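Our numbering numbers the first residue of the sequence shown as 9 and each following residue consecutively. The structure appears below as structure tokens.
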Amino acid sequence: MTESPLVTVTVCARDGSHWVKDCLDAIHAQTHRPLEIIAVNDGSTDSTGATMDQWKQSNIDSEVSITVLHQDALGLSAGRMAALEAANGEWVAITDIDVRPEQDWVEQLLIAITPVDEETIVAVTGRTIFQTHTDLVSRFRAVQIASKYRNRPRRTSLANGPCSMFNRQALIDVGGFNPDWYHAEDMEVSLRLLNAGGSIVYAPDALVSHVPEIGVRRFLHKRRRDARAHMRIVRHYPARQRSGPGFDFIGSAGIALSIFPIALLMLLGLIPLLLELPSAESVQELWQTQLAFGSLMLGVLVELMFWRGPLGVITRSMKNDGGRGGFILAISVRILTLRWSIALWQGLLLGCMDAVFARNGHNRLFR
Numbered sequence: 009m010t011e012s013p014l015v016t017v018t019v020c021a022r023d024g025s026h027w028v029k030d031c032l033d034a035i036h037a038q039t040h041r042p043l044e045i046i047a048v049n050d051g052s053t054d055s056t057g058a059t060m061d062q063w064k065q066s067n068i069d070s071e072v073s074i075t076v077l078h079q080d081a082l083g084l085s086a087g088r089m090a091a092l093e094a095a096n097g098e099w100v101a102i103t104d105i106d107v108r109p110e111q112d113w114v115e116q117l118l119i120a121i122t123p124v125d126e127e128t129i130v131a132v133t134g135r136t137i138f139q140t141h142t143d144l145v146s147r148f149r150a151v152q153i154a155s156k157y158r159n160r161p162r163r164t165s166l167a168n169g170p171c172s173m174f175n176r177q178a179l180i181d182v183g184g185f186n187p188d189w190y191h192a193e194d195m196e197v198s199l200r201l202l203n204a205g206g207s208i209v210y211a212p213d214a215l216v217s218h219v220p221e222i223g224v225r226r227f228l229h230k231r232r233r234d235a236r237a238h239m240r241i242v243r244h245y246p247a248r249q250r251s252g253p254g255f256d257f258i259g260s261a262g263i264a265l266s267i268f269p270i271a272l273l274m275l276l277g278l279i280p281l282l283l284e285l286p287s288a289e290s291v292q293e294l295w296q297t298q299l300a301f302g303s304l305m306l307g308v309l310v311e312l313m314f315w316r317g318p319l320g321v322i323t324r325s326m327k328n329d330g331g332r333g334g335f336i337l338a339i340s341v342r343i344l345t346l347r348w349s350i351a352l353w354q355g356l357l358l359g360c361m362d363a364v365f366a367r368n369g370h371n372r373l374f375r
């Protein structure tokens, strides 16, 4: 009988003291043994580090090896790398402090490491379920994430940060996590592993639960961050390397990105007509009217985008979910999506600035 491999589960946190206990308890409750836990305090200004130390002390007699690392505020990628270097497991799992893995999460990930044909499986990724609250944002985010997993194939291209496991040696061989990376460290190592000839597989029954993502400001900050990081991915990896199975780092954001420029064109098309205020007799002859008609067609296009494709899945699911009145919900979703689109453009601009100044993991433009 094959001996069960040691699995190291790592989690990094900055200023997340209120999440520490629930997350570490869920990791400790894993049914798989042998297990090692490494928690990294990334320069927190609250009691995150102390809470981690206290949790370790309260579980001092556990059969599970527990390590707490403290570092300056170097970022998530640096924290993941520190944990990787300290890990002893043959497989290293990563999750986030605002995530609660199901008890059989590691077991389900390990079931999926059995290769098919000539595969060299170097990573397994599970499924993240976002919990909901009473607000629009958490419901919107939960539906958006669920839609990404709807048709994900077994062979995939992204080992998502909240719920993935890597072969330790394979991850080290491709350089691990670069401390200079600004977010999207999971996407970057996934592409490196694939380029090295490895395979990433999806285990749909390896579940983790994400706390509700509450608040418009928090939602927009994260989407801005995603877009900023995506600029680095686009610069460093040609399109052919980003076209593998299940490459869903962008997801519905690709459609959302187009909402702001289309809305802006609609507004610009209506302004001349509003300024002229023509009479009923002359309205059909004015170029302003033709421009306004074009704006109206753009509005129809936007509405179609809200009901078809990736955004359509979100819109229809939220409509069926009930809750707030239909008209108010429809308007709220469209306003939130417009703000999401603006945040994405802001993130892309920041990503361009990162490229110009060769910061946050970007290579220099000119050498």
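C-beta atoms are modelled at their ideal positions from N, C-alpha and C, and glycine is treated no differently. Computed from a prediction, not measured in an experiment: that's the story for all the values here.
Collapsing the DSSP output to three states places Y157 in a helix. The count of Cβ pairs closer than 8 Å, one atom from the segment 184-195 and one from the segment 142-156, stays below three, leaving the stretches out of contact. Less than 9 Å divides the Cβ of G97 from the Cβ of T16. At the C-beta level, D213 and D112 come within 9 Å of one another.
Spanning the alpha carbons of R158 and L312 requires a straight line of approximately 21 Å.
Residue burial is scored here from C-beta neighbours: R88 has at least 16 other C-beta atoms within 10 angstroms and is therefore classed as buried. For secondary structure counted as the alpha helix (DSSP H) over 4 or more consecutive residues, the segment 76-109 holds these complete runs in sequence order: 84-94. Counting along the chain, the unbroken alpha helix (DSSP H) around L199 starts and ends at 193-203. Put simply, the backbone Cα of V364 is about 24 Å away from that of P269. Scanning its chain for C-beta atoms nearer than 7 Å, with the 5 sequence neighbours on each side dropped, one finds around T53 the residues D23, in chain order.
Counting only residues of its own chain and dropping the five nearest sequence neighbours on each side, H191 has a CB closer than 6 Å to the CB of R233, A237. With a cutoff of 9 Å on beta-carbon distance, H40 and S73 are scored as not near each other.
With contacts defined as CB atoms closer than 9 Å, S165 and G262 fail to qualify as a contacting pair. Going by DSSP, V28 is part of the alpha helix (DSSP H) stretching over 25-36. Under the 8 Å Cβ criterion, the segment 168-175 does not count as touching the segment 55-71, having fewer than three qualifying pairs. DSSP places G134 in the strand class (E or B) of the three-state scheme. Note that the segment 240-251 touches the segment 354-371; at least 3 beta-carbon pairs, one per stretch, sit closer than 8 Å.
Per the C-alpha coordinates, the member of Q249, C31, L14, S85 positioned closest to P42 is L14. Taken in chain order, the whole beta strand (DSSP E) runs of length 3 or more contained in the segment 39-77 are 43-50. Short of 6 Å from the beta carbon of R200, and not among the five residues preceding or following it, lie these beta carbons of its own chain, in chain order: V182. Note that the C-beta distance between R108 and V224 is not below 9 Å.
In the DSSP assignment, the residues bridged to T164 are I208. Here S260 carries a coil assignment [DSSP, helix/strand/coil]. Counting along the chain, no beta strand (DSSP E) covers F227; the unbroken alpha helix (DSSP H) around it starts and ends at 224-244. A Cβ-Cβ separation of about 7 Å places A211 in contact with I119 under the 8 Å criterion.
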